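Here the numbering used here = 1-based position in the sequence shown + 400. Where a beta carbon is used, it is the ideal one built from N, C-alpha and C, also for glycine. Here the structure is a predicted model, which is why all the values come from computation and not from measurement.
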Amino acid sequence: MTARILIKNLAALENGTVTVSGWVDTVRDQKKVQFVVLRDESGAVQLVNPRNTDADGVVVADEPATTISALSQGSFVTVTGELKHDERVKLGGIEIKLATMELVTVAIPETPIAADSSLDKRMDWRFLDLRQPKQNLIFRIQTTFEHALRTYWVEHDFVELHTPKLMASASESRAELFEVDYFETKAYLAQSPQFFKQMAQSAGFGKVFEVGPAFRADPSFTSRHATEFTSVDAEISWIDSHEDVMQLHEELLVAGFAAVKAKHGDEVLALFGVEVTVPSQPFPRIPLAEAKEIVKSRGYEVPRDDDDMDPEGERQIAAYVAETYGHEFVFLTDYAASIRPFYHMRPEGDASVTNSYDLIFNGTEISTGAQREHRIDVLVEQAKEKGLDPEELGGYLDFFRYGVPAHGGFGMGLARVLMLMLHQTSIREVTFLFRGPSRLEP
Ligand code: AMO
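If you want it as structure tokens, here you go:
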């Protein structure tokens with residue numbers, strides 16, 4: 401392999417011969433000199449090629465001038481030349497004076513998408529869309545964020561799980577369930593690792609996490625739903641209440657945001673115009689009923705028959721929290737049992753609410769967490785109350801019949817966090833390859 405240098409590393413080098421490879425971004429083919437902006441996965445650099453003239457001062461058609469004149473945007477080239485530091489060059493104060501250019505692959509000159517193409521069109525041509533530095537940065541941020549969470553988990557003795565995504569029964573509810581043919585029978589795509597991360601508590605793992613796919617047959621076309629998404633899950637034993645889960649959740653987010661700010665803060669500001677803020681602890685906590693009152697006092701009433709908080713309510717409470725506490729996050733707690741799954745624990749003496757929370761970030765839900773009901777008799781009752789057949793839950797209920805510690809955890813949509821962190825309007829922008837009701841390609 402040639403000693404290719406990443407473009408981002410050029411600035412630190414002394415003047416001298418270098419070889420770089422990349423995509424042709426722009427070409428300025430002038431009479432006396434040619435300029436090419438070349439981009440690789442790390443950045444962009446200007447190439448310069450002064451044209452040669454013959455004895456009469458007429459420009460000659462030699463190499464690499466002829467190749468450059470025919471270059472189409474997106475073509476992939478490898479070039480060698482003399483690196484020169486020159487503060488007058490706008491792009492990073494360096495340029496490469498070309499000696500040779502090898503055309504590796506030629507791009508079709510007419511690109512199918514432009515900066516003003518619709519989101520859907522850009523999704524059709526995602527590999528071209530992702531070549532933009534802004535898009536590329538999103539997935540570097542995702543890598544840094546996930547790495548920081550994983551580091552936290554490993555340092556705190558969590559066990560990583562990879563739970564099956566093919567299941568014999570529903571993992572959340574029978575709604576939004578994908579059914580697939582499975583030999584002589586049917587299987588379902590996992591909506592969440594919920595049952596398995598709880599099983600791990602009964603198995604004595606203590607603290608577990610998983611970052612993996614989850615599937616929801618949600619037919620809606622909102623900006624925050626996908627039919628397949630990456631779910632960030634954690635589950636811990638020996639808790640006193642969902643407060644312990646919230647504390648873990650906060651610490652993880654602080655670790656993730658601190659890492660993103662340290663590594664990409666400047667780039668995020670430059671490309672997205674967004675200042676990444678590391679949240680302060682504790683995050684504000686507001687019981688749902690109180691949150692609804694606050695929202696009402698701001699002039700918006702969550703529909704009366706809705707036990708949940710609707711998207712406008714979430715935006716309103718986030719605005720209140722931003723104004724009052726200067727915080728981008730808020731835990732809404734004590735959700736009504738009527739809208740929570742059967743496995744959420746309810747506080748002693750009040751079966752109408754649950755020991756659960758939703759975490760709202762910049763006005764949108766990014767996570768649900770709860771203490772789980774670990775007492776088998778209560779769990780069976782709650783399942784029946786929700787119209788579930790304990791027979792069908794068979795294997796799951798067994799986890800609670802042989803001794804299980806008090807436990808709780810949360811599930812968090814990775815793309816939702818990125819979308820709200822970078823002030824993007826759609827989950828599609830921050831998902832490598834989005835899956836929705838009408839999108840199965842690319
Ligand atoms: P819940 O169903 O609230 O809880 O999901 C947890 C989080 O997952 C994300 N999410 C989605 N993201 C994109 N598209 C979707 N269709 C979608 N559905 C959910 C959201 C949501 O907050 N088992 C529980 C979690 C737990 O209690 O541990 C669960 O799945 O960010």
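- Contact between A626 and A815 holds: their C-beta atoms lie close to 7 Å from each other, under 8 Å.
- Under the three-state reduction of DSSP output, W423 falls in the strand class.
- Taking the Cβ of R616 as the reference point, at least one heavy atom of the ligand AMO falls within a distance shorter than 6 Å.
- Checking the DSSP bridge columns, you'll see N449 partnered with Q434.
- One thing to note: D425 has its Cβ no nearer than 7 Å to the Cβ of R404.
- Leaving aside the five residues that flank F672 on each side, the residues in its chain whose CB is nearer than 6 Å to its CB run, in chain order, L822.
- In the DSSP assignment, P790 falls within the alpha helix (DSSP H) that extends over P790 to D798.
- The Cβ atoms of T478 and S442 lie no closer than 7 Å to each other.
- By the CB criterion at 7 Å, I694 and Y720 fall inside the cutoff.
- With fewer than 16 other CB atoms across the displayed protein chains lying within 10 angstroms of its CB, F832 is exposed.
- About 5 Å separates the beta carbon of A655 from that of Y552, a gap short enough to meet the 8 Å contact definition.
- Considered as a whole, the stretch 687–756 harbours 729–733 as its complete beta strand (DSSP E) runs of no fewer than 3 residues, in chain order.
- Taking C-beta atoms as the reference points, S592 and A614 count as a pair closer than 7 Å.
- Ranked by Cα distance from E667, the first of R531, P464, H744 and I538 is I538.
- In the DSSP assignment, Y552 falls within the alpha helix (DSSP H) that extends over P533 to E555.
- In chain order, V559 place their CB closer than 7 Å to the CB of F605, counting only its own chain and leaving out the 5 sequence neighbours on each side.
- When the five nearest sequence neighbours on each side are left out, the beta carbons in the same chain lying within less than 7 Å of the beta carbon of E628 are those of P613, F615 and R835, in order along the chain.
- Contact between Q824 and V830 holds, with the beta-carbon distance rounding to 6 Å and staying under 8 Å.
- With contacts defined by Cβ atoms closer than 7 Å, V645 and F810 form a contacting pair.
- Distances taken from the Cβ of H642 to the heavy atoms of the ligand AMO include none shorter than 6 Å.
- CA-to-CA, the gap between I776 and L797 works out to about 7 Å.
- As for any beta strand (DSSP E) of minimum length 3 sitting wholly inside the stretch 568–652, the runs are 579–582, 585–589, 607–615 and 628–637, ordered along the chain.
- Distance from the Cα of T630 is smallest, within the candidate group A689, S767, E579 and D524, for S767.
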